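Residue numbers (our numbering): 22 to 234.
Built from N, CA and C at the ideal position, the CB exists for glycine as well.
Given the structure is predicted, the values throughout are model-derived calculations rather than measurements.
Since the structure comes first, as structure tokens, the remarks are kept for the end.
Here it is in structure tokens:
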């Protein structure tokens with residue numbers, strides 16, 4: 022079975038080595054400058070500066086899970102709520118299925134996840150951002166909302182099946198935008214047809230984010 026790509030041309034298909042996380046309340050060591058895909062943790066902050074790939078989303082999901090355990094175990098006995106998990110996103114997108122996995126982990130986190138768009142969020146990364154409890158965006162950052170893309174191959178029936186699968190995934194993507202943004206339903210299909218970066222003010226207007234910082 023193939024995956025479905027949903028990202029920009031700048032997305033890096035190369036996978037980097039996974040980051041080993043020993044302690045979620047201390048700052049991680051820096052990565053090599055040659056690693057273009059990094060997921061780093063510092064206290065209650067996650068820096069997702071990566072394409073949306075299975076290995077990197079695995080790191081992210083495990084990070085959210087372990088932050089929940091670690092932070093709740095330290096705050097609940099003292100009778101107060103933990104601070105939110107702040108997820109910084111700088112991503113050109115990538116795998117649809119990996120992105121949907123992150124969406125579920127973000128929404129199901131017992132500790133509220135707040136997202137901050139650093140630089141850019143495109144395609145699958147926009148879903149990761151817009152489902153958060155609170156969404157922030159830097160004033161010079163941009164977002165890209167568009168259709169998923171893919172390559173079909175195989176027998177005719179297999180390509181027909183592939184089209185059915187693609188339509189199902191597009192409906193799933195549209196439903197998330199409808200539930201978590203203010204994009205008018207009548208405009209959504211037309212917006213998705215184009216590859217246009219939106220400035221922060223437009224993202225705020227259409228409800229992709231809650232506040233500009």
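Residue 84 by DSSP, collapsed to three states: which one?
What you label residue 84 is simply residue 63 of the chain shown in a count that begins at 1. Of the three classes helix, strand and coil, the one that applies to residue 84 here is helix, per DSSP.
Using a 10 Å radius around the Cβ and a threshold of 16 neighbouring Cβ atoms, would you call residue 45 buried or exposed?
Stepping through the chain shown from its first residue, residue 45 is reached at position 24. With a pLDDT of 31 at residue 45, under the threshold of 50, the predicted position of this residue should be treated as unreliable, though the coordinate-derived value follows. The residue in question, residue 45, is buried, as its Cβ has 16 or more Cβ neighbours within 10 Å.
For residue 57, count the other beta carbons within 10 Å of its own beta carbon; 16 or more makes it buried, fewer makes it exposed. Which is it?
Translated into the one-based positions of the chain shown, residue 57 becomes position 36. It is exposed - the Cβ of residue 57 has fewer than 16 other Cβ atoms within 10 Å.
Buried or exposed (CB count within 10 angstroms, at least 16 for buried), residue 161:
As a working mapping, residue 161 is identified with position 140 in the chain shown. Exposed is the call here.
Counting C-beta neighbours from all protein chains within 10 Å, is the total for residue 43 16 or more, i.e. buried, or is it exposed?
Numbered from its first residue, the chain shown carries residue 43 at position 22. With a pLDDT of only 29 at residue 43, under the threshold of 50, the placement of this residue in the model should not be trusted, and no figure is reported.
DSSP-derived helix/strand/coil call for residue 126:
Here residue 126 is taken as the residue at index 105 of the chain shown, counted from 1. Of the three classes helix, strand and coil, the one that applies to residue 126 here is helix, per DSSP.
Please go through the stretch 134–193 and give each complete beta strand (DSSP E) segment of 3 or more residues, from N-terminal end onward.
134–143, 155–158 and 163–165
So does the stretch 137–157 actually touch the stretch 88–96, counting three or more Cβ pairs closer than 8 Å?
no
What does the alpha-carbon distance come out to for the pair residue 175 and residue 183?
Your numbering for residue 175 matches position 154 in the chain shown. Your numbering for residue 183 matches position 162 in the chain shown. Cα to Cα, the separation comes out at about 10 Å.
Give every residue of the same chain whose Cβ lies closer than 8 Å to the Cβ of residue 154, excluding the five residues on either side of it in the sequence, and list them in chain order.
Mapped onto the chain shown, residue 154 falls at position 133. Correct list, in chain order: 105, 133, 134 and 135.
Are residue 233 and residue 166 close, meaning C-beta to C-beta below 8 Å?
In the chain shown, the residue the question calls residue 233 occupies position 212. In the chain shown, the residue the question calls residue 166 occupies position 145. It is not a contact, given that the beta carbons lie outside the stated cut-off.
Are residue 73 and residue 116 closer than 8 Å when you measure CB to CB?
By 1-based counting over the chain shown, the position of residue 73 is 52. By 1-based counting over the chain shown, the position of residue 116 is 95. Yes. Within cutoff.
Could you give the distance in angstroms between the alpha-carbon of residue 216 and the alpha-carbon of residue 113?
Sequence index remark: in the chain shown, residue 216 carries index 195 (1-based). Sequence index remark: in the chain shown, residue 113 carries index 92 (1-based). Near 12 Å, if we compare the C-alpha coordinates of residue 113 and residue 216.
Are the Cβ atoms of residue 163 and residue 218 separated by less than 8 Å?
On the chain shown, position 142 is the one that residue 163 refers to. On the chain shown, position 197 is the one that residue 218 refers to. Taking 8 Å as the Cβ cut-off, residue 163 and residue 218 qualify as a contacting pair.
Let me confirm a value: residue 103 is counted as buried when at least 16 other C-beta atoms fall within 10 Å, else exposed. Which label applies?
Your numbering for residue 103 matches position 82 in the chain shown. Answer is buried; the Cβ neighbour count reaches 16.
C-alpha gap between residue 100 and residue 88, whole angstroms
For this step, residue 100 is matched to residue 79 along the chain shown. For this step, residue 88 is matched to residue 67 along the chain shown. Distance between the alpha carbons of residue 100 and residue 88: 18 Å.
Which residue comes first and which comes last in the alpha helix (DSSP H) that contains residue 67?
Locating residue 67 in the chain shown gives position 46, where the first residue counts as 1. Counting along the chain, residue 67 falls outside any alpha helix (DSSP H), though it belongs to the beta strand (DSSP E) covering 66–70.
So what does DSSP say about residue 91, is it helix, strand or coil?
Within the chain shown, residue 91 is the residue found at index 70, counting from 1. The answer is helix: DSSP assigns residue 91 an H, G or I state.
Mark residue 207 as exposed unless 16 or more other C-beta atoms lie within 10 angstroms of its C-beta, in which case mark it buried.
Here residue 207 refers to the residue found at position 186 when the chain shown is read from its first residue. The residue is exposed, with fewer than 16 neighbouring Cβ atoms inside 10 Å.
Does residue 104 come out as helix, strand or coil in the three-state DSSP assignment?
Position 83 of the chain shown holds residue 104. Residue 104 falls in the coil class under three-state DSSP.
Beta-carbon proximity of residue 121 to residue 67, cut-off 8 Å:
As a working mapping, residue 121 is identified with position 100 in the chain shown. As a working mapping, residue 67 is identified with position 46 in the chain shown. No; because the gap between Cβ atoms is not below 8 Å, this pair is not in contact.
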